[in-house]
Amino acid sequence: MTRTCWIALLALAVSVAGADAGFVVLTNITDTEVRLSVGHAKTEPRVYTLGPGEVRQVPVGRSPVVSFESGGKKSQFRIEPYAAYAFAPSRNGVALQGIELAAPLPRPEDVPEAPPKAAVPLALTVRVMADDADARPKAAREKALRARVAAVSAIFERECGVTLKVADIGTWASDPQARSVAALLTDFENKVQWDGKTVALGFSSRTIDPPGEADRCGPGAARGPLHGHVLVIEPVLTTEAERVELLAHEVAHLLGAAHSPDPTSLARPAVGDGKARAAKFQIGLDPLNALAVGIWAEELRSGDVREWGDLRPLARVRLLAVYKTIVRALPDDPLARDTVTRLEGLAPVAREAAADAPALTAKQQAVRKVVRAVAIRAADLSRMPEAERPKGDDLTGELVRTAAAVAAVEEDELKPAALLIGMGLALDNSTTLRDNPLTRNFCRAVESDAERRERTAVLGSPTVRGRRDLCQHFVVSAALAELLDPVAAEAAGLLKERLDMAGKSGFSFADLAADFAGVEFAKSTRRDPRAVARASVAFDVNDYVPDVAGLAEGLSKEKFEADFGSEADPRFRKALDDVRKRVSELPGYNK
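Here this note's numbering is used: the sequence shown runs in plain steps of one and ends on residue 697.
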């Protein structure tokens, strides 16, 4: 079966575009073989043959030129490194077309003129592990699994310069009570520890319950780049070709592939749909995911990438262009969308920092990604036409959802802090958290003065219940509850109102309602492991902050004492209980 090219194709123009040298991805979507050459100044062209439906990574230098014959005539085009191209049918035989990206590629000047003499694949060392439910004899089991890994390795070596090298084969005792792919993956991760270098490929023969929405990719799972485990369920698929494709699908996710709308790509969401059973079906990636995996492989090959923030700035920009293109074609799938959000949170910006500034902790790094992502999203929104731009409470919802989407891809123990502190910093244009002696060291390390100025310039006026001040009370209190603790955060809110009582603004129970709502939001986020993911898609301020109508505000010291006595007075305690009741009855805290 010839693979179709699902991406919009652009007529290729002859132009020179500077870009960091490395590779291009070529694909043949015709029904016939294509012979071509790729040349550079002062070097001999290299000749390649692309079979029907084939996708291949080709090493290039700064200004590659591709040549081929069509209809008895020679065609020659200048192409760009780190881009993808397709040979498509034309009236005269075959035409080269560029695969349109949703964002421009960078044009750096430090590109080597010549391509590398030989492509160096990323050698991914793997441990092959079968669980104790596998009843096959050891020799037969090992032979079958080695052959499957070799088949997957051949696919990735051909298409994106990655090979799988088996270090050893072993077994692990899987949990017989685990009834889902997710549960078995967690069990596998807990029992087969990742050493940061060797990827563990797990093959379970357990019987699982019918897959639900969480398992829509079929009987396999991997958590994406910079993780060390892949799991597939053996009994579900009936043919070896389908099992090879499933393993390739999950390894592709580990190497940075997103889901693809291409119905013949191994990255399509519904692998295991029977297509791989066809004799002529070619298991392989779509060109965009081959491009993404190739960029990730190049970064990983350097040995310097241990987390997302280690990606080179140019690699981030290239990956963003690829993933944004996939999002445009498959908007309802969260995988590429979440990756875009995460990469945007890493966008390089000028940073004022002393040379001897301490390295950020893992928590600070997670919070920083959220703050940067919100700043970038706010900047994007500020450029929208006035009539289309979200404002007020809608703007708050959009920015909190952005913060939660970035926080949701962090490690479980970092997700709440990333969201709570991140939105507290990002949605506030005051210096409350930066100047508080208990929080300033943490917060100033997360965002420099220059970055803060950049963010506040584009932030707009996010509100809660139509008020800017209530938004600030809500997000800052949520951050304080995480940075300190909920009791200290409530005390900080009460202290501020006492101070305001002596000034112009006066004591406000409405402010306290937003404060208490922020504290409750922090507590509920900590309690519910699903809270961050839920906020990324369904955050509405009215669900989390109460209506403040009827709450006393602007109380001078004299008025406060006349109406409520002191903070020990039953009238004051009753008023506080009313505020807490309003918060506790909100739908956001009763889901």
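For glycine and all other residues, C-beta sits at the position ideal for the given N, C-alpha and C.
Look at the alpha carbon of Pro375 and the alpha carbon of Glu494, and state the distance between them as a whole number of angstroms. 33 Å
Report back the beta-carbon spacing between Ala509 and Ala479 to the nearest angstrom; my notes put them in contact at under 8 Å. About 7 Å; that satisfies the 8 Å criterion.
Between the CA atoms of Leu420 and Ala628 - distance to the nearest angstrom: 36 Å
Measure the CB-CB distance between Pro325 and Leu352 and report whether it falls below 9 Å. Going by C-beta atoms, Pro325 is nearer than 9 Å to Leu352.
Quick one: measure Cβ to Cβ for Phe698 and Ala620, integer angstroms, because I've assumed they're closer than 8 Å. Summary: the structure shown does not reach residue 698, with the chain confined to residues 107 through 697, and so no result is reported for it.
Helix, strand or coil: which one does DSSP assign to Arg573? strand
Assign Ser672 to buried or exposed, taking buried as 16 or more other Cβ atoms, counted over all protein chains shown, within 10 Å of its Cβ. With fewer than 16 Cβ atoms within 10 Å of its Cβ, Ser672 is classed as exposed.
If you follow the alpha helix (DSSP H) that Tyr154 is part of, which residue opens it and which one closes it? That residue, Tyr154, is in no alpha helix (DSSP H); its beta strand (DSSP E) goes 149-156.
Nearest-angstrom Cα separation, counted from Ala194 out to Ala514: Taking C-alpha positions only, Ala514 is separated from Ala194 by approximately 40 Å.
Looking at the secondary structure, which residues open and close the beta strand (DSSP E) in which Thr133 lies? 128-134
Pop quiz: Ala364 and Thr445 are said to be a contact at Cβ under 8 Å. What is the actual Cβ separation, rounded to whole angstroms? Between Ala364 and Thr445, the beta carbon gap of about 6 Å places them in contact (Cβ cut-off 8 Å).
Contacting residues, own chain, Cβ-Cβ under 6 Å from Trp278 (five flanking each side not counted): If we look at Trp278 and ignore the five residues flanking it on each side, its Cβ neighbours are Met235, Asp237, Lys297, Val298.
Going by DSSP in three states, Asp500 sits in which element: helix, strand or coil? helix
List the whole-angstrom C-beta distance separating Glu603 from Ser614, where the pair is believed to meet the contact cut-off of C-beta under 8 Å. 6 Å
Count the other CB atoms, across all protein chains shown, that sit within 10 Å of the CB of Gly656; report buried if there are 16 or more and exposed otherwise. exposed
Write down every uninterrupted run of the beta strand (DSSP E) in the stretch 326-401 whose length is 3 residues or greater and which is fully enclosed by it, in chain order. 326-328, 335-339
Among Val377, Ala209, Arg141, nearest to Ser176 - alpha-carbon criterion: Arg141
In three-state DSSP terms, what is Arg418? coil
Under a three-way DSSP split, which group does Ala460 fall into? Confidence at Ala460 is low in this model, with a pLDDT of 34, below 50, so the placement of that residue should be treated as unreliable; the coordinate-derived value is given next. In this structure, Ala460 counts as coil in the three-state DSSP scheme.
Identify every residue that forms a DSSP beta bridge with Ser143. Val153, Ser173
Is DSSP giving Arg677 helix, strand or coil here? helix
If you reduce the DSSP assignment to three classes, tell me which class Pro440 lands in. helix
Tell me the rounded alpha-carbon separation between Val161 and Ser310. 31 Å
Could you check where the beta strand (DSSP E) with Val305 kicks off and where it finishes? Residues 305-310.
Please confirm whether any heavy atom of the ligand NAD lies closer than 8 Å to the CB of Lys223. Only the bare structure without any ligand can be found here, which leaves the ligand NAD out of the picture.
Helix, strand or coil: how does DSSP classify Pro221 here? coil
Hey, out of Leu600, Ala637, Leu526, Lys663, whose CA is closest to Gly609's CA? Lys663
Taking DSSP as the reference, what is the three-state secondary structure of Pro693? Helix, per DSSP.
Using the rule of at least 16 other Cβ atoms within 10 Å of the residue's Cβ for burial, across every protein chain shown, is Ala460 buried or exposed? Because Ala460 sits at a pLDDT of 34, beneath the cut-off of 50, its placement in the model cannot be relied upon, and the following sentence gives the value as read from the coordinates. That one is exposed.
Does DSSP put Thr93 in a helix, a strand or coil? Because the chain here runs from 107 to 697, residue 93 falls outside it and cannot be looked at.
Measure from the alpha carbon of Ala623 to the alpha carbon of each residue in Arg686, Arg558, Val399, Asn542, then state which is nearest. Arg686
Residue environment, Glu300, which counts as buried when at least 16 other CB atoms sit within 10 Å: In the sequence on display, residue 300 carries Trp and not Glu. Label assigned to Trp300: exposed.
Within a Cβ cutoff of 6 Å, which residues of the same chain sit near Gly308, ignoring the five residues on either side of it in sequence? Met235, Phe294, Leu337
Which complete alpha helix (DSSP H) runs does the stretch 484-533 hold, if anything under 4 residues is left out? 498-513, 521-532
How about Ala147 and Glu219: are their beta carbons less than 9 Å apart? Closer than 9 Å, so yes.
With a threshold of 8 Å on Cβ separation, who are the neighbours of Glu413 within its own chain once the five nearest residues in sequence on each side are excluded? Leu332, Gln471
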